[in-house]
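Structure first, then comments.
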Amino acid sequence: MQGDKNNPFYNSEGYPNATAFGVIQEENELEKKTGFLIKVLKFIINESGYELLNRIEIKDKKSGREFR
């Protein structure tokens, strides 16, 4: 029996694809971590009595991926 097609661990044909699942999970974790960091930075800026004038742009040192 093939896996659930709605489960991200399985590919579109229903077969398990651990490699793709691992990469997707890593990307999701990186995005969650980055989103949290940006929220914290905005909170610190606001609580310090400053106003953010432009977008925050950061780059992950490990992956080289840029977030805006």
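Each residue of the sequence shown is one higher than the one before, starting from 217 at the first, in the numbering used here.
We put the beta carbon where it would ideally sit given N, CA and C, even for glycine.
Sheet register partners of lysine 258 (DSSP bridge): Bridge partners of lysine 258: none, in fact.
Please name the residue in Asp276, Ser228 and Glu229 whose C-alpha comes closest to that of leucine 253. Asp276
Straight-line CA distance for phenylalanine 259 to threonine 235? 37 Å
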